[in-house]
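Asks: All the letters of the sequence shown, read from the start, carry residue numbers 1 to 484 under my numbering.
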Amino acid sequence: MQGQSQAAGGEEADSEVSARKKMFTEVQAEGLEQAQKTVLISYPTGISKRSILQYLSRHGNINSHFFYEGHGPHAMVEFSERESIYSLQDVAQIACCSSVPGIPLKSRLFTLTPRQSLSQALDETSVHNYQHPTIPVEDLVQKLCCADSISNQMYSLLNEYQLTEENIKLRFLACSLIQDIARAYFPECVVKPFGSSVNSFGKLGCDLDMFLDLDEIGRSSTPKKTGAFQVEYHIKRMPSLRTATQKILSVIGDCIANFSPGCTHVQKILDARCPLMRFFHQPTGFQCDLTANNRVALRSSELLYVYGNLDSRVRALVFTIRCWARTHGITSSTSGPWITNFSLTMMILFFLQNRKPPILPTLAELKNLADAEDEHVIRGHDCTFVSNPNKINQTENTETVDVLLNEFFEYFGNFDFSSKSINIREGKEHNKPEPSPLYIQNPFEQARNISANVNQNQLDRFVALTRECAWLLQQDSTGKHQLA
Ligand code: CTP
Ligand code: MG
């Protein structure tokens, strides 16, 4: 659903969400499965794209493909069968360059060079090209100016900035390529995307959060109850889960830095609250954060995905407010005392839970709708909620997104941040348990404030700007006022 072309107006967007909605786990399974059958090919400028496809199809049926300009021209090619990749790997040579020694590694990243010059003259019209994602601001402003209302501008913004189907496929592929490296140490482990890449709120150019899931190891082997003995693997014990996570990320990080083609600027950030490996994946162009033992965050991505797919207004509002916040320096691409996109999204969800009638249900209500397979308790944290968006009733609230935008500014311009906390589990303000300027309760790790980094100055800037914007929007009560 996300990534397909979204209607510019609310009505068509509504018909889109009224179709059967895929579950987060289905999207994940499908994305990971496709990525396993995919290769990434760089090639010199001037080669006919059709001849590349013709050459590759000798190794098997091609399911989908697209071409893009990243660090040079690239083709992403998904085969129908994994065997096609083995066939391609069989004919591929390890690049040798006498002056620079390389480490031989058979990955799914290939470089294609012609034995003799290939014709450019072939018809290229049906070759699928993918524009790498950045819409120049002038073009965006131009598009927004063509929309006849603030609501339509908001849907246009969503349409321009949301992740495309191709971009999402590339994200799954980057995870899958890192998984190949991690599997050298931990066969059967799975590397999954989480955060804004998959939670339905990702904007083109957002980072790629990866989760190294070791719990998948051994999942396929069903314990046999018969026989005189129970067999267990001998494993190395660690003083704490945190130490284990740091060690795992450290070795995988070394592998990524030393052996993984295309990974640059590798940084180990192991002392953070959530230890991570940060690196740039050059072939796909993604800034990546690899974490392990972060299952709660995967579940919160699923929760956001459910909320984002309940009502077409949610994503339009989130994208607009995220864009507004970034433009005004409320959020930032570097870490610091700023409000993060994740915190801002929680504030928007909380606001939508507090409309009359509510546009979004509370987490407690989603928990009441959960059945046995939705039950998740992760390290003692209750992460249970209904995962199937189709089981949740639609709201009767019919407010338009421009009204909601105005009301959002009004609501937070007057919110009592000094004594109240935000909590999407109950959908109600509570007294702050400690004096952080902004307190947004983590929906699952309930004793944790997800905005503990935010200082008073940044919160004051946010409040001042919301008041100013509420005032500006109210100046034009006809709704024809343009955002651009
Ligand atoms: N997360 C969390 N608590 C925080 C920060 C992050 O649980 N204090 C989890 C959330 O699930 C979040 C994910 O980690 O979605 C990734 O964090 P981050 O990259 O900061 O946020 P995104 O939602 O991915 O948004 P962005 O587009 O800014 O990357
Ligand atoms: Mg992110």
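Glycine is no exception: its CB is placed at the ideal position from the N, C-alpha and C atoms.
Since we're looking at a predicted model, the values are computed, not measured.
1. In this structure, does DSSP put Glu407 in helix, strand or coil?
2. Would you tell me roughly how many angstroms separate the C-alpha atoms of Asp485 and Thr398, rounded to the nearest one?
3. Three-state secondary structure (DSSP) at Leu173?
4. With a threshold of 8 Å, are at least 3 pairs of Cβ atoms found where one atom belongs to the stretch 451–462 and the other to the stretch 428–443?
5. If you follow the alpha helix (DSSP H) that Gly31 is part of, which residue opens it and which one closes it?
6. Going by DSSP in three states, Thr320 sits in which element: helix, strand or coil?
7. So, using beta-carbon positions, are Pro443 and Leu276 closer together than 9 Å?
8. In whole angstroms, what is the alpha-carbon distance linking Lys391 and Lys225?
9. Give every residue of the same chain whose Cβ lies closer than 8 Å to the Cβ of Thr553, excluding the five residues on either side of it in the sequence, and list them in chain order.
10. Cβ of Ala297 within 8 Å of any heavy atom in the ligand CTP?
11. Which residues, in chain order, sit with a beta-carbon under 5 Å away from any heavy atom of the ligand MG?
12. Is any non-hydrogen atom of the ligand CTP found closer than 8 Å to the C-beta of Ile498, if you look at the structure I gave you?
13. Are the CB atoms of Ser80 and Ile62 within a distance shorter than 9 Å?
14. On the three-state DSSP scale, how would you describe Thr125?
15. So what's Ile378 in DSSP terms, helix, strand or just coil?
16. Should Ala121 be labelled buried (16 or more other beta-carbon atoms within 10 Å of its own) or exposed?
17. So, for Ser301: in the same chain, excluding its five sequence neighbours on each side, which residues have a beta-carbon less than 7 Å away from its beta-carbon?
18. Closer than 8 Å by C-beta to Val454: which residues in its own chain qualify, once you throw out the five before and the five after it? Chain order, please.
19. For the alpha helix (DSSP H) that contains Ser64, what are its first and last residues?
20. Beta-carbon within less than 7 Å of Leu40's beta-carbon, same chain only, minus the 5 sequence neighbours each way: which residues are those?
21. Going by the C-beta, is Asn199 closer than 8 Å to any heavy atom of the ligand CTP?
22. Are Val191 and Leu212 touching if we call contact CB-CB under 9 Å?
23. Let me know the alpha helix (DSSP H) ranges lying completely inside the stretch 238–299, each 4 residues or longer, listed in chain order.
24. By the 10 Å Cβ neighbour count, where 16 or more other Cβ atoms means buried, how is Thr499 classified, buried or exposed?
25. Leaving out five residues before and five after His281 in sequence, what residues of the same chain have Cβ atoms less than 7 Å from its Cβ?
26. For Ser51, does the three-state DSSP call read helix, strand or coil?
27. Decide if Asp123 is buried, meaning its Cβ has at least 16 other Cβ atoms within 10 Å, or exposed.
28. State the beta-bridge partners of His430 as determined by DSSP.
29. Quick check: the Cα distance between Leu56 and Glu78, rounded to an integer number of angstroms?
30. Check for me: the alpha helix (DSSP H) holding Phe385 runs from which residue to which?
31. Got a sec, what are the start and stop residues for the beta strand (DSSP E) Asp213 sits in?
32. With a Cβ-Cβ cutoff of 9 Å, do Phe319 and Gln162 count as a contact?
33. How far does the beta strand (DSSP E) with Lys192 in it reach, from first residue to last?
34. Is DSSP giving Val454 helix, strand or coil here?
35. In terms of residues, what are the limits of the alpha helix (DSSP H) holding Phe350?
36. Mark Val306 as exposed unless 16 or more other C-beta atoms lie within 10 angstroms of its C-beta, in which case mark it buried.
Replies: Looking at the atomic coordinates:
1. helix
2. This structure cannot settle anything about residue 485, because the visible part of the chain is limited to 1 through 484.
3. Helix, per DSSP.
4. yes
5. Element bounds for Gly31: 24–36.
6. Correct three-state label for Thr320: helix.
7. no
8. 37 Å
9. Residue numbering for the chain in the displayed model covers 1 to 484; residue 553 lies beyond these limits and cannot be assessed.
10. yes
11. Listed by position in the chain, the residues whose beta carbon lies within less than 5 Å of some heavy atom of the ligand MG are Gly195, Ser196, Asp207, Asp209.
12. Because the chain spans 1 through 484 in this model, residue 498 falls outside it and cannot be assessed.
13. yes
14. Unreliable positioning characterises Thr125 in this predicted model, as indicated by a pLDDT of 48, which lies under 50. The coordinate reading is nonetheless provided below. Here Thr125 sits in coil by DSSP.
15. strand
16. Low confidence applies here, because Ala121 scores a pLDDT of 44, under 50, leaving its location unreliable and the question unanswered by this model.
17. Phe194, Gly195, Val198, Asn199
18. Counting only Cβ-Cβ distances below 8 Å, and skipping sequence neighbours, we find Pro337, Trp338, Ile339, Ser343, Ser436, Pro437, Leu438.
19. Segment 62–70 is the beta strand (DSSP E) holding Ser64; no alpha helix (DSSP H) there.
20. His74, Met76, Arg108, Leu109, Leu173, Pro283
21. yes
22. Their beta carbons are under 9 Å apart, which means Val191 touches Leu212 by this criterion.
23. 241–259
24. The structure shown has nothing for residue 499, since the chain only spans 1 to 484.
25. Ala174, Gly262, Cys263, Cys288
26. Three-state result, Ser51: helix.
27. Only weak support is given to the placement of Asp123: the predicted model assigns it a pLDDT of 47, under 50, and the question is left unresolved by the model.
28. Answer is Ser421, bridged to His430.
29. Spanning the two alpha carbons is a distance of roughly 10 Å.
30. That residue, Phe385, is in no alpha helix (DSSP H); it is neither H nor E in DSSP.
31. 208–213
32. yes
33. 190–194
34. In this structure, DSSP gives Val454 a state outside helix and strand, which the three-state scheme calls coil.
35. 341–353
36. Per the 10 Å Cβ criterion, buried.
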